[in-house]
Amino acid sequence: MSELHTLGVSELAAAIADKKTSSVETAQHLLARAKQHEALGAYLAVNEEATLAQARLADARIAAGERTPLLGVPLAHKDIFVTKDFATTAGSKMLAGYRSPFDATVVQRLAAQGAVSLGKLNCDEFAMGGSNENSAYGPVRNPWDTARVPGGSSGGSAVAVAARLAPAVTGTDTGGSIRQPASFCGVTGIKPTYGRCSRYGMVAFASSLDQAGPMARSAADCAVLLSAMAGPDIDRDSTSLDHPAEDYTAWLGRAREGATAAQPLKGLRIGLPEEFFGEGCAPDVIATVRAALAECEKLGATLVDISLPRTELSIPVYYIIAPAEASSNLSRFDGVKFGHRAAQYGDLVDMYKKSRSEGFGPEVQRRIMIGTYVLSHGYYDAYYLKAQQIRRLIAQDFQSAFAQCDLIAGPVAPTVAWKIGEKSNDPVANYLADIYTLSTSLAGLPGMSVPAGFGEGGLPVGLQLVGNYFQEGPLLQAAHAFQQATDWHTRVPQGY
């Protein structure tokens, strides 16, 4: 079947189960596409032998009469999750060639459902960045315009879905790294409630913020993946929440009270923060998001004006807390036990300096230095402790808002994707692009990006939806209703 790459997760699972194709044939087709579009820079590691072995096992399970929603479906993983069969680098020279003795919990759970791993996807080094230009192995290119960034840090993941190199993928979101690339590449992505997906086997950046989530073409496909990925893992991950696993696909067909076929969102109150629609947001992005919200109104939703007054503070708060945690987490990479070790050095201190200078890229070094500074004696109380106090106030702002609405909506990013290299010399401009996603991450809330149309230059724009804690089901339900009424999520970049 030459059109296998055009099928989504559920369509592929059905085609494989009905013997219209096989898992092996599907995997071979997608591996060939990955090779054909190598110039996009999406993949960092493939292992055809391991992939086809997994596919043959899935076909044998199907032949034995087994059925699961992901059985035989090829997926790909962000190179921040450790894997036995593929090298894990976290986009860094520090971990070049590293092969883990075990799979991350998220990878393990998807494999248990019969998903087949196609390989590992490019990302900003140690997931630090919003453009996927910080990878030690080169930038990822946006298939809608290859001169532009795909967003980051899960840029390789978003591009793999957008360019039809994989039907769905895993990503991680620390400050917006699932939602922003999903918006820039015109795909669907969801960051669940913090602690909903296990962090075991995820290379750590900022432990109180990092969260795994799926990216796919539709909310329906994201629901299938998240159902497999989420669930407690308290024996191996101290940040995992002891909250039972849930079948999110059950929410998709569930009718809201008082809703009709024509108005599936009837009774849903969508809050619009005034801070998300101000001068800092580009007119083309606001126009596209407003049009998407008008569609939600047609589907029965009520729009409510709300305020998240500390939105602007989320940038300084995040860029104190995240670097501080990165400084702590990345101190283990010193060239002694594991990680890159310099070839020549004078003494132990010289080895530390040279190994870390050679292994870490400029953005990672910048964040380690910031983090070390704010944690140092005399500055901890003034910066880190104060940032944690404001973080609590930001979370309280959301709870006040949710007293007036069920979901919160707005843009994902202030602009469409920018050109590669455009902000390379201005890290602060790069950081400002996260203004609408950071507060959600600081509060630990679930959020998603849904394709909502196109802005300047025909580039994708995402609609951000944010729910209260453990409200992934209602989030996916609303996104699915929107996607049933629109076709933005089905659009494909020319040539792919």
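Each residue of the sequence shown is one higher than the one before, counting from 1 in the UniProt record's numbering. For glycine and all other residues, C-beta sits at the position ideal for the given N, C-alpha and C.
{"Query": "Identity of the residue in G495, E358, D381 and C296 nearest Q484 by Cα", "Result": "C296"}
{"Query": "Whole alpha helix (DSSP H) elements within the segment 89 to 159, 4-residue minimum", "Result": "105 to 112"}
{"Query": "DSSP bridge partner residues for Y43 (one or two, in chain order)", "Result": "L121"}
{"Query": "M128 vs E363 beta-carbon contact at 8 Å", "Result": "yes"}
{"Query": "Span separating the alpha-carbon of E38 from that of Y319", "Result": "33 Å"}
{"Query": "Boundaries (first-last residue) of the alpha helix (DSSP H) holding V374", "Result": "P362 to L375"}
{"Query": "Identity of the residues DSSP links to C197 by a beta bridge", "Result": "A230"}
{"Query": "Delimiting residues of the alpha helix (DSSP H) encompassing G359", "Result": "L348 to G359"}
{"Query": "Between the CA atoms of S208 and D434 - distance to the nearest angstrom", "Result": "17 Å"}
{"Query": "Of the listed residues S154, R217 and A13, nearest to residue 504 (C-alpha basis)", "Result": "As displayed, the chain neither begins before 1 nor continues past 496, which places residue 504 out of reach and without an answer."}
{"Query": "Euclidean distance between Cα positions of P192 and S439", "Result": "14 Å"}
{"Query": "First through last residue of the beta strand (DSSP E) which encompasses D426", "Result": "Where D426 is concerned, there is no enclosing beta strand (DSSP E), given that its DSSP letter is neither H nor E."}
{"Query": "S117 versus G72 - alpha carbon distance", "Result": "10 Å"}
{"Query": "Three-state class that DSSP yields for S307 in the structure shown", "Result": "coil"}
{"Query": "Between the CA atoms of R164 and C222 - distance to the nearest angstrom", "Result": "15 Å"}
{"Query": "Check whether V416 and V285 have beta carbons under 8 Å apart", "Result": "yes"}
{"Query": "Supposed contact pair G8 and W251 - C-beta distance, whole angstroms, cut 8 Å", "Result": "Going by Cβ atoms, the distance from W251 to G8 rounds to 18 Å, so no, they are not a contact pair."}
{"Query": "Contact under 8 Å by Cβ, R179 with V412", "Result": "yes"}
{"Query": "Cβ neighbours of A395 in the same chain (closer than 6 Å, five flanking residues each side left out)", "Result": "A443"}
{"Query": "Proximal residues to I16 (C-beta, below 6 Å), its chain only, five neighbours per side dropped", "Result": "S23 and G72"}
{"Query": "Coarse secondary structure for T415, derived from DSSP in three states", "Result": "coil"}
{"Query": "Cβ-based neighbour list, A76, same chain, cut-off 6 Å, excluding 5 preceding and 5 following", "Result": "L118, G119, L121, A160, A166 and V169"}
{"Query": "Cα-Cα separation between A204 and D406, rounded to whole angstroms", "Result": "32 Å"}
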